[in-house]
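The UniProt record's numbering puts the first residue of the sequence shown at 1, with every later residue one more than the last. In this text, a Cβ means the ideal position worked out from N, Cα and C, and glycines have one as well. For reference, the structure is listed below as C-alpha cells.
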Amino acid sequence: MEQTKEITALLHLIDDPDAEVYSTVSEKIISLGKQIIPNLENLWENTPDEYTQERIEMLIHSLHYRDLQVDFNAWANDKEHDLFTGALLVSRYQYPDLNLSSHYQELEKIRRNVWLELNSFLTALEKVNVLNNIIFNYYKVKGVEINYNHPDEFLLHKLIESKKGNAISIGILLLSLSHLLDINLYMINIPRQFILAYFDDEPSDIDNDFPPQHIQFYMDGATGQIFSHKDVETYFKRINVAPSASYFKPLENKQVVARMLGEYARCFDNEKNNYKKQDLLSLASQLTDNHE
Numbered sequence: 001m002e003q004t005k006e007i008t009a010l011l012h013l014i015d016d017p018d019a020e021v022y023s024t025v026s027e028k029i030i031s032l033g034k035q036i037i038p039n040l041e042n043l044w045e046n047t048p049d050e051y052t053q054e055r056i057e058m059l060i061h062s063l064h065y066r067d068l069q070v071d072f073n074a075w076a077n078d079k080e081h082d083l084f085t086g087a088l089l090v091s092r093y094q095y096p097d098l099n100l101s102s103h104y105q106e107l108e109k110i111r112r113n114v115w116l117e118l119n120s121f122l123t124a125l126e127k128v129n130v131l132n133n134i135i136f137n138y139y140k141v142k143g144v145e146i147n148y149n150h151p152d153e154f155l156l157h158k159l160i161e162s163k164k165g166n167a168i169s170i171g172i173l174l175l176s177l178s179h180l181l182d183i184n185l186y187m188i189n190i191p192r193q194f195i196l197a198y199f200d201d202e203p204s205d206i207d208n209d210f211p212p213q214h215i216q217f218y219m220d221g222a223t224g225q226i227f228s229h230k231d232v233e234t235y236f237k238r239i240n241v242a243p244s245a246s247y248f249k250p251l252e253n254k255q256v257v258a259r260m261l262g263e264y265a266r267c268f269d270n271e272k273n274n275y276k277k278q279d280l281l282s283l284a285s286q287l288t289d290n291h292e
C-alpha cells in the first residue's frame, strides 16, 4: 500500500505507551485491510525495539485472521463446502501465504493413481484397500499418534509435503479422495477417536441398534486399519460408554473441519499462545453456527 502521510502517522504511533491510543491506532490499521501488511513488515524490519516488533506481529496476525474469517464464512456458505478446501483453510491460520493451487494439483495426482486401480467389480472392502495401498504403500504416508506438541501434524498441506501426519490430517486426506472417487467413506463421531466408516449407498437414518445397519466396516484415520462392528463394540465396552445412534451418523464437511479446528486449538493450550487457541475455537464456532 502506498505510504501516505496518514499511514506514516499511524505507523509512527504503534509504539505509543498509552493503551487507549494504541487501541485506536490498531483498529484503524486493521480497518485498512491486508494491503497494509507490506508496510508493517517493512516497519518491523527497521524497528530495533522488541516490544514494538511484537505489536507489529500481532497487527499482521490480526489482519490475516480477519481475512481468514471471511474465507471461512464464504466456504461455510458455499453449497459444496469442499472438505479439502476447508482443511487447507485451517493450514492458512499458521501459514497465511499458503499456495492452495499446488495442493489441489497434488490431490488430483493422488486421485488419479487410485482411480487407475479401481474398477466396478471391486467390493467395498477391495476399493478401500486400493485407496490404503496407494496412500500408505505407494506414497509411503506415515501415521503418527496425535501429539499436541506437534501442531504441523494436524495440517493437511504439511501431510502432503512431509508424508507424515496424524489420524486427523490423514483421515481428511482419505475422506477427500473418497468423495472424489465415489467411495462411501464418512467420518463418524465415535468418542476420542477419528474413525471413518464405510456406508451403504444411503447413509441416512440410523436406528439405535448396534451394529448400525448402514455401516459395513470401520477404518482408522491414521493407519487405514480396518475394524469390524465387534471391534467397535469392544472399544465402547472398554471406555464404558453405551453405543448410541448419534455416534454413527456421517458427519458433514463443516462438522469435520470444526472438529479439526477444535483439535488443532489444543496445540496452543498455554498462556503465550492462548490467543491462537481462542482464534481457532472461534473459527470452529463460526462453522457450527453456520451448520444447518
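Closest by C-alpha distance to residue i, when choosing among the options
| i | options | result |
| --- | --- | --- |
| Glu263 | Asn137, Asp71, Ala87, Glu41 | Ala87 |
| Gln255 | Asp18, His61, His81 | His81 |
| Ile14 | Ser31, Ser176, Gly221, Leu59 | Leu59 |
| Pro17 | Pro211, Arg55, Leu89, Phe236 | Arg55 |
| residue 293 | Thr47, Ala74, Glu6 | With the chain represented from 1 up to 292, any question about residue 293 goes unanswered, as that position is not in the structure. |
| Thr234 | Val21, Pro48, Leu100, Ile190 | Ile190 |
| Gln258 | Phe268, Tyr275, Lys249, Asp289 | Per the sequence shown, residue 258 should be read as Ala rather than Gln. It is Asp289. |
| Tyr135 | Tyr186, Ala265, Arg111 | Position check: residue 135 holds Ile in this sequence, whereas Tyr was assumed. Of the listed residues, the one whose Cα sits closest to Ile135 is Arg111. |
| Arg192 | Phe236, Phe227, His150 | Phe236 |
| Lys79 | Ser282, Tyr95, Asn253, Ile37 | Asn253 |
| Glu126 | Asp49, Ser101, Ile226 | Ile226 |
| Lys158 | Ala265, Leu116, Arg92, Trp44 | Arg92 |
| Ser26 | Glu57, Glu50, Asn42, Thr47 | Glu57 |
| Ile146 | Thr52, Lys230, Val232, Ala265 | Ala265 |
| Ala245 | Pro212, Glu161, Ile160, Asn42 | Pro212 |
| Glu161 | Leu107, Leu116, Asn77, Ser23 | Leu107 |
| Asn46 | Ala19, His12, Ile30 | His12 |
| His150 | Ser282, Asp269, Ile7, Ile239 | Asp269 |
| Gln105 | Leu116, Thr85, Asn274 | Thr85 |
| Lys142 | His103, Ala222, Glu117 | Ala222 |
| Glu117 | Tyr138, His103, Ile239, Ser101 | Tyr138 |
Opening and closing residue of the alpha helix (DSSP H) in which residue i lies
| i | result |
| --- | --- |
| Ile110 | 100-115 |
| Ile135 | Premise fails: Ile135 is in no alpha helix (DSSP H) and is neither H nor E. |
| Gly33 | Unbroken run through Gly33: none, as it is neither H nor E. |
| Glu57 | 50-77 |
| Ile172 | 167-181 |
| Glu6 | 5-12 |
| His81 | Here His81 belongs to no alpha helix (DSSP H), and DSSP marks it neither H nor E. |
| Ile160 | 156-162 |
Check whether residue i and residue j have beta carbons under 8 Å apart
| i | j | result |
| --- | --- | --- |
| Val130 | Val144 | no |
| Phe154 | Ser178 | no |
| Leu280 | Leu261 | yes |
| Ala167 | Asp220 | yes |
| Gly33 | Asn132 | no |
| Asp71 | Leu89 | yes |
| residue 294 | Leu173 | The structure shown does not extend to residue 294, since the chain spans only 1 to 292, so no value can be given for it. |
| Ile183 | Phe248 | no |
| Val128 | Leu185 | yes |
| Cys267 | Tyr95 | no |
| Lys28 | Leu40 | no |
| Trp44 | Gln35 | no |
| Lys109 | Lys140 | no |
| Phe194 | Gly171 | yes |
8 Å Cβ cutoff, residue i in contact with chain B
| i | result |
| --- | --- |
| Ser228 | Among the protein chains of the structure shown there is no chain B, as only one such chain exists. |
Point to revise | Complete beta strand (DSSP E) runs within the stretch 188-268 (minimum length 3 residues, chain order) | key: 195-199, 215-220
Exercise for review: Specify whether the stretch 193-200 and the stretch 215-224 touch according to this definition: at least 3 beta carbon pairs, one from each stretch, less than 8 Å apart.
Suggested key: yes
Point to revise | Segment contact flag, the stretch 110-127 with the stretch 55-74, C-beta cutoff 8 Å, min 3 pairs | key: no
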